[in-house]
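Take a look at the structure below.
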Amino acid sequence: MRRAIALLKLGVTQTIGRMRTAEARRLALTALGVALAVALMVSVTRVAVGLASGSTVQSEGVDYWIVPEGGSASSIAVSVEGPRLGVVHQTAAKIRTDERVTFTTPVQLQILRFSAGNTTEYVLVAGVIVPPEGNQVVGLPTGSLAPGDPHYANGSYNGSWTGEAVLSSAAAEVLEVESGATVSPAGTDRSFRAVEVAEADISTGVGPVPVMLVHLSELQRLTNTASGDQADQILVSTNDPSVRSTLAGVYPRTEVLTRSGVGRASVSTSSLPLAVAIAALLAAVSIGVLFVATLMGLDVIDNRGTIAAQGAMGFSRRSQTIIVLAQVLTIAGIGGLAGTLLGLVGIVGINAASHAIVGVQDVAQFHPLLLAYGPVVALGIGLLATPYPAWLARKTDILEVLDQ
């Protein structure tokens, strides 16, 4: 063991010493190849972390969701029965006065049991304030609903009951209804009319979710949340990301999350972030191993004289293999450290570009483990790349080289 450690130290010392010689250029090029591969891997992995955290957006414009702090609102539908916001109509009206805001609406989500004919099924109901120009909320169009929130009536909740509902195709299918049909919430004397059946659906990854879009005050009346004027979240659509800092102060103990489009968040955990991270890892390892093995192989061929001299001094083939391993790992380690630093620069560049192009911040997320991830992968690249230059070193004919 002591001999192996001594040989590793010798290999590291030789490699660092050669950095000051004419061979430094080739060694630096090898380290640069590892650094670029690791930097790409780290940057892409950070984007994957952003995807996993639910903060990455994929469309023009920016949509923000004000959600209770600590609530499970990283995706829209899972916030059902979580902490709620109060006085949402007045708050949304106040936010709407900001010229930077395109439109805003509270969103209440509730799973209710509906009956239609002989069919009774559970449906995810979303209550919203319908914008005059019509938009999409939770993936469903609002154009068929009456603008505003008529039943709210300035907080009296005695306005006209529209009973209007937009159903997703999945909701229409499970309830076995078509546009124009009447559906009734179980245990109430109220009913809703399906003014539109939209083709858009929210997918869980195993199938579409049956969703119904109604006016907020009517859902509040059904769920006994009208007294506090409650909703789960407030959606704010804008093309100006500077609004985010303003929204952060609207409620105490709330978070401002970014979403793509209106209600495009998934209700389940996607495997996309893991797939992206694995693809980045495989690409970095493949490119790095080929690059390092090739250049370090050329380096071994160029230094056959040194290898022959070591053999003449009594270094065994095993000892020379350990020295080559140390040299390759040293170069790969240097490249890994440099690549991790480049990855830090890359994350800043990615976020700056996303902010400038689509107005979205923090597309790529940082995690402390990524600081060790780059060097560890680089050392793995070194280990995988070692067999080829080690084989070339073992194939060196000592007598032939020394006779030259």
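Residues 368 to 771 (the numbering used here) are what the sequence shown spells out, left to right.
Cβ atoms here follow ideal geometry from the backbone N, Cα and C, with glycine treated the same way.
Considering only DSSP beta bridges, list what His582 is partnered with.
Val495
Using a Cβ-Cβ cutoff of less than 6 Å, which residues in the same chain neighbour Ala647 once the five nearest sequence positions on both sides are dropped?
Met408, Val411, Thr412
Residues near Leu759 in its chain [Cβ-Cβ closer than 7 Å; skip 5 each side]
Gly664, Val667, Ile668
Can you give me the C-alpha to C-alpha distance between Gly384 and Ser653, rounded to a whole angstrom?
28 Å
Tell me where the alpha helix (DSSP H) around Pro756 begins and ends.
754-761
Alpha carbon to alpha carbon, how far is Val533 from Val455? Give it in angstroms, no decimals.
22 Å
Per DSSP, Trp432 forms a beta bridge with which residues?
Leu602, Leu624
Measuring CB to CB, does Leu614 end up less than 8 Å from Ile372?
no
Distance between Gly713 and Ala391 (C-alpha atoms, nearest Å)
26 Å
State the CB to CB distance for the pair Val744 and Val379, rounded to an integer number of angstroms; the pair is presumed to be in contact (CB under 8 Å).
Not confirmed; about 19 Å, so no contact.
Return the first residue and the last residue of the beta strand (DSSP E) that Val610 is part of.
Segment 610-614 is the alpha helix (DSSP H) holding Val610; no beta strand (DSSP E) there.
Return the Cβ separation of Ile690 and Leu377 in integer angstroms, given the expectation that the two are a contact with Cβ distance under 8 Å.
6 Å
Buried versus exposed, by CB contacts within 10 Å (16 or more), Glu531:
buried
In the DSSP assignment, find the alpha helix (DSSP H) that holds Val455 and state where it starts and stops.
455-463
Distance, Cα to Cα, Pro756 vs Gly506?
56 Å
Thinking C-beta only, is Leu589 closer than 8 Å to Tyr431?
no
Between the CA atoms of Val562 and Tyr519 - distance to the nearest angstrom
20 Å
With the cut-off set at 8 Å, would you say Ala402 and Gly672 are in Cβ contact?
no
How far does the beta strand (DSSP E) with Glu531 in it reach, from first residue to last?
531-535
C-beta atoms of Thr763 and Ile698 nearer than 8 Å:
no
Among Pro508, Asn525, Asn502, Val497, nearest to Asp516 - alpha-carbon criterion:
Val497
When you compare the CB positions of Val578 and Ala459, do they come within less than 8 Å of one another, or not?
no
Can you round the beta-carbon distance between Ala365 and Val656 to whole angstroms, since I take them to be within the 8 Å contact cut?
The question about residue 365 has no answer here: the residues shown for the chain are numbered 368 through 771.
Taking all protein chains shown into account, decide if Thr529 is buried (16 or more other Cβ within 10 angstroms of its Cβ) or exposed.
buried
Pairwise C-alpha distance: Phe682 and Leu374
10 Å
Closer than 7 Å by C-beta to Thr486: which residues in its own chain qualify, once you throw out the five before and the five after it? Chain order, please.
Leu542, Glu543
Quick check: what's the CA-CA separation for Gln694 versus Leu709?
23 Å
With a cut-off of 8 Å on the beta carbons, I'd call Leu479 and His582 a contact; round off their distance for me.
Between His582 and Leu479 the Cβ distance is about 14 Å, and since that is not below 8 Å, they are no contact.
Neighbourhood of Leu396 by C-beta distance below 7 Å, restricted to the same chain and skipping five residues each side:
Leu662
Can you tell me the Cβ-Cβ gap for Leu586 and Gln475, rounded? I've got them flagged as a contact below 8 Å.
5 Å
Ile701 to Arg467 span [Cα, whole Å]
48 Å
Simplified DSSP assignment, three categories, for Pro735:
coil
Check this for me: beta carbons of Val495 and Thr464, under 8 Å apart or not?
no
Going by alpha carbons, who is nearest to Arg557 out of Asp599, Gln600, Glu488, Phe481?
Phe481
Residues sharing a beta bridge with Ala561, DSSP:
Ala532
Less than 8 Å between the CB atoms is what I'm expecting for Pro435 and Arg620, so what's the real figure, rounded?
7 Å
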